[in-house]
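Quick note on numbering: the sequence shown equals residues 122 to 596 in my numbering. Yeah, the Cβ is synthetic: ideal placement off N, Cα and C, and Gly gets one too. These notes concern the structure reproduced below.
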Amino acid sequence: MSHGALLGIAAAGVGLLLLLILRGKVQPFVALVVVSIGVALAAGVPAADLVKTVEEGMGATLGHIATIIALGAMIGRVIELSGGAHAFAHSLIDRFGARRTPFALTVAGFVLGIPVFFEVGLIILMPIAYGVARASRKPLLVYALPMGAAMLTVHAFLPPHPGAVAGIEAIGASQGLVLLMGIPLTAAVVVLGYFVSRRMTRREYPMDPAVRAEVYEADSGGSGAGSTPVRAGDGHGTAVLTEPSAVDTDVPPPSFGMVLALIVTPILLILLGTIGENVLAEGSTLRAVLTVLGAPMVALLIDVALCGWLLGARRGWDRARVAEVMGSALPPVAMVILVAGAGGVFGKVLVASGIGDAIADVLERTGLPALFLAFLTALALRAAQGSATVALITTAGILTPLLQRADLTTGQLSLVALSMGAGALTLSHINDAGYWMFTRLAGLDVASGLRTWTVLTTVMGCAGFVLTVGLWVVV
Numbered sequence: 122m123s124h125g126a127l128l129g130i131a132a133a134g135v136g137l138l139l140l141l142i143l144r145g146k147v148q149p150f151v152a153l154v155v156v157s158i159g160v161a162l163a164a165g166v167p168a169a170d171l172v173k174t175v176e177e178g179m180g181a182t183l184g185h186i187a188t189i190i191a192l193g194a195m196i197g198r199v200i201e202l203s204g205g206a207h208a209f210a211h212s213l214i215d216r217f218g219a220r221r222t223p224f225a226l227t228v229a230g231f232v233l234g235i236p237v238f239f240e241v242g243l244i245i246l247m248p249i250a251y252g253v254a255r256a257s258r259k260p261l262l263v264y265a266l267p268m269g270a271a272m273l274t275v276h277a278f279l280p281p282h283p284g285a286v287a288g289i290e291a292i293g294a295s296q297g298l299v300l301l302m303g304i305p306l307t308a309a310v311v312v313l314g315y316f317v318s319r320r321m322t323r324r325e326y327p328m329d330p331a332v333r334a335e336v337y338e339a340d341s342g343g344s345g346a347g348s349t350p351v352r353a354g355d356g357h358g359t360a361v362l363t364e365p366s367a368v369d370t371d372v373p374p375p376s377f378g379m380v381l382a383l384i385v386t387p388i389l390l391i392l393l394g395t396i397g398e399n400v401l402a403e404g405s406t407l408r409a410v411l412t413v414l415g416a417p418m419v420a421l422l423i424d425v426a427l428c429g430w431l432l433g434a435r436r437g438w439d440r441a442r443v444a445e446v447m448g449s450a451l452p453p454v455a456m457v458i459l460v461a462g463a464g465g466v467f468g469k470v471l472v473a474s475g476i477g478d479a480i481a482d483v484l485e486r487t488g489l490p491a492l493f494l495a496f497l498t499a500l501a502l503r504a505a506q507g508s509a510t511v512a513l514i515t516t517a518g519i520l521t522p523l524l525q526r527a528d529l530t531t532g533q534l535s536l537v538a539l540s541m542g543a544g545a546l547t548l549s550h551i552n553d554a555g556y557w558m559f560t561r562l563a564g565l566d567v568a569s570g571l572r573t574w575t576v577l578t579t580v581m582g583c584a585g586f587v588l589t590v591g592l593w594v595v596v
């Protein structure tokens with residue numbers, strides 16, 4: 122089959138995927154599987170090999186990422202239900218002082234955004250933003266905008282978040298190097314976002330009366346874990362009730378230092394493993410030990426055990442309670458894991474059908490560096506269908522054949538992964554569930570959300586890409 126025909130099939134497949142998700146409101150997992158099967162058959166993959174291709178794509182992807190996503194979700198859930206997230210945020214506010222509370226909440230969003238998924242983090246921290254806005258009588262957006270943007274930035278750039286993990290594994294990058302370069306890069310983007318949001322929030326924006334009443338007219342008891350639930354739109358014209366989590370209030374919350382140590386532990390282990398592989402002599406005992414401890418799955422598993430002991434058992438939870446809390450983290454991420462697996466199927470189909478090579482030929486002829494192509498592809502997919510995770514997974518599937526030809530180093534591939542993350546951060550707008558969740562919780566109308574949240578995420582994504590280009594020169 123000619124390259125032109127294969128490219129036409131690929132374009133039709135992506136178009137159908139967007140149509141199913143946006144217009145048909147089909148669940149992304151189902152849409153990806155259906156489109157993958159259709160593209161495979163249209164491109165000439167033998168019917169007898171179809172099931173094998175699907176299974177190989179799903180298995181290869183989930184074999185790498187399912188455990189990492191699940192363990193990361195468990196860590197975040199234990200920190201959340203132990204009261205550690207609330208305690209961590211309030212400790213930062215106390216340390217930074219009243220004048221720097223917006224920056225303290227931004228730092229809290231950045232740090233807690235590493236183990237806690239964006240949606241969960243927003244629900245945890247937004248009542249705190251409500252409380253400080255009520256106490257200071259300042260606009261809620263002063264506190265909520267940089268905090269929410271910080272969490273979304275981490276969600277797009279860094280593991281163990283599902284899109285980042287899937288993209289890193291698909292293109293053959295290193296999670297350790299992504300963390301080593303990505304954490305300071307993400308921190309710089311978050312700080313930039315904080316200053317940009319300060320300029321944005323110098324003016325006031327229209328605020329939903331119900332949210333205004335919740336923030337400024339509720340009594341002081343309404344800003345904690347038991348505050349009135351807020352309805353947040355899911356981007357499809359319906360509303361979901363975001364109930365506060367059942368935080369354990371029978372014992373004092375964990376200390377600031379303990380929560381920070383538990384968040385940093387798996388990151389340090391992964392970084393040590395990466396450094397050991399690049400610095401120590403091959404065959405040395407220390408390198409072997411660090412390689413095992415620094416494997417993302419092992420590092421997260423160690424941290425899960427530490428969280429269960431330090432935040433659970435030592436604070437009065439019995440083994441059944443610890444198991445229950447960890448188990449409660451899995452249902453919310455099950456569909457995310459399946460979506461990542463379906464993205465792997467799509468990528469496998471592109472390779473097996475020859476479409477991947479055809480796309481690689483076209484992309485090579487554009488003359489654009491891989492870094493630019495990764496950013497632009499992820500940006501286009503993010504703008505078109507809304508989900509950062511789907512944008513990252515699909516971009517990785519499209520670019521993998523090109524990246525294999527390019528003979529890039531592991532460090533360069535890791536920067537490509539970060540460039541994809543920058544593209545996936547941009548243009549969070551009305552087709553993104555995260556946009557609706559933030560704007561509803563912040564009481565913004567559509568126009569105000571586009572002028573603040575969408576503009577800020579786009580500025581931060583573009584800044585992240587510029588920083589990635591700067592690192593490429595060094596690497």
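Report, in whole angstroms, the separation of the C-beta atoms of A517 and A291, which I expect to be a contact under 8 Å. Here residue 517 refers to the residue found at position 396 when the sequence shown is read from its first residue. Here residue 291 refers to the residue found at position 170 when the sequence shown is read from its first residue. About 4 Å separates the two Cβ atoms, so the contact holds.
Assuming M302 is part of the alpha helix (DSSP H), what are its boundary residues? Numbered from its first residue, the sequence shown carries residue 302 at position 181. Segment 296-321, the alpha helix (DSSP H) holding M302.
So A426 is in the alpha helix (DSSP H); what residue range does that whole segment cover? As a working note, residue 426 is residue 305 in the sequence shown. A426 -> alpha helix (DSSP H) spans 417-428.
Would you mind stating whether L479 and L128 have Cβ atoms separated by less than 7 Å? Counting from one through the sequence shown, the residue named residue 479 turns up at place 358. Counting from one through the sequence shown, the residue named residue 128 turns up at place 7. Sequence check: residue 479 is Ala here, not Leu. Going by C-beta atoms, A479 is nearer than 7 Å to L128.
Pick from R198, L261, L233, L137: whose alpha carbon is nearest that of L279? Counted from its first residue, the sequence shown places residue 279 at position 158. Per the Cα distances, L233.
When the Cβ atoms of the segment 248-268 are set against those of the segment 488-505, are three or more pairs found closer than 8 Å? no
What does the alpha-carbon distance come out to for the pair F496 and G542? As a first step, residue 496 is located in the sequence shown; it is residue number 375 there, counting from the start. As a first step, residue 542 is located in the sequence shown; it is residue number 421 there, counting from the start. Distance between the alpha carbons of F496 and G542 is about 8 Å.
Relative to the alpha-carbon of V457, which residue among V286, S212, A254 has its alpha-carbon at the smallest distance? Within the sequence shown, residue 457 is the residue found at index 336, counting from 1. Per the Cα distances, V286.
Do the segment 167-183 and the segment 520-539 touch if we need at least three Cβ pairs shorter than 8 Å? No: the two stretches stay apart, fewer than three of their Cβ pairs being nearer than 8 Å.
Through-space distance from A194 to G314, alpha-carbon basis: Taking the first residue of the sequence shown as 1, we reach residue 314 at position 193. Taking the first residue of the sequence shown as 1, we reach residue 194 at position 73. So the alpha carbons of these two residues sit roughly 26 Å apart.
Which of the three DSSP states is assigned to P260 in this structure? As a working note, residue 260 is residue 139 in the sequence shown. If DSSP states are grouped into helix, strand and coil, P260 belongs with coil.
When you compare only the Cα positions, how much space is there between V253 and D215? Reading the sequence shown from its first residue, position 132 is the one you call residue 253. Reading the sequence shown from its first residue, position 94 is the one you call residue 215. Using only the alpha carbons, I get a separation of about 12 Å.
Start and end of the alpha helix (DSSP H) containing T510? Translated into positions along the sequence shown, residue 510 becomes position 389. T510 -> alpha helix (DSSP H) spans 509-527.
N- and C-terminal bounds of the alpha helix (DSSP H) containing W557: Here the question's residue 557 lines up with position 436 in the sequence shown. From DSSP, the alpha helix (DSSP H) with W557 extends over 554-563.
Can you find a CB in chain C that lies within less than 7 Å of the CB of E403? No chain C appears in this structure, which consists of one protein chain only.
To which residues of the same chain is M379 closer than 7 Å at the C-beta, ignoring the five residues directly before and after it? In the sequence shown, residue 379 corresponds to position 258, counting from 1. These residues qualify, in order along the chain: L431.
Count the C-beta pairs between the segment 459-473 and the segment 414-428 that are closer than 8 Å, then say yes if the count reaches three, no if not. no
Just tell me which of G293, S405, P387, L500 has its CA closest to the CA of L192. Stepping through the sequence shown from its first residue, residue 192 is reached at position 71. Among G293, S405, P387, L500, the Cα nearest to that of L192 is on P387.
D424, buried or exposed, once every other Cβ within 10 Å from all chains shown has been counted against 16: In the sequence shown, residue 424 corresponds to position 303, counting from 1. Buried, because 16 or more other Cβ atoms sit within 10 Å of the Cβ of D424.
Have a look at E335 and I244 and give me their C-alpha separation to the nearest angstrom. Translated into positions along the sequence shown, residue 335 becomes position 214. Translated into positions along the sequence shown, residue 244 becomes position 123. When the Cα atoms are used, E335 and I244 turn out to be separated by approximately 15 Å.
Taking the alpha carbon of A294 as the reference point, which residue from G507, T395, Y337 has its own alpha carbon closest? Locating residue 294 in the sequence shown gives position 173, counting from the first residue. When each option's Cα is compared against that of A294, the closest is T395.
Determine the direct distance from the alpha carbon of E445 to that of L471, and round the result to whole angstroms. For this step, residue 471 is matched to residue 350 along the sequence shown. For this step, residue 445 is matched to residue 324 along the sequence shown. Between L471 and E445, the C-alpha separation is close to 40 Å.
List the whole-angstrom C-beta distance separating A382 from T578, where the pair is believed to meet the contact cut-off of C-beta under 8 Å. Taking the sequence shown and counting its residues from 1, one reaches residue 382 at position 261. Taking the sequence shown and counting its residues from 1, one reaches residue 578 at position 457. About 30 Å separates the two Cβ atoms, so there is no contact after all.
Whole-angstrom C-beta distance between G197 and V237, which should lie under 8 Å: Locating residue 237 in the sequence shown gives position 116, where the first residue counts as 1. Locating residue 197 in the sequence shown gives position 76, where the first residue counts as 1. At roughly 4 Å, the Cβ-Cβ gap stays under 8 Å, so V237 and G197 are in contact.
Straight-line Cα distance separating P374 from G437: Along the sequence shown, read from residue 1 onward, the residue named residue 437 stands at position 316. Along the sequence shown, read from residue 1 onward, the residue named residue 374 stands at position 253. Rounded to whole angstroms, G437 to P374 spans 12 Å at the Cα level.
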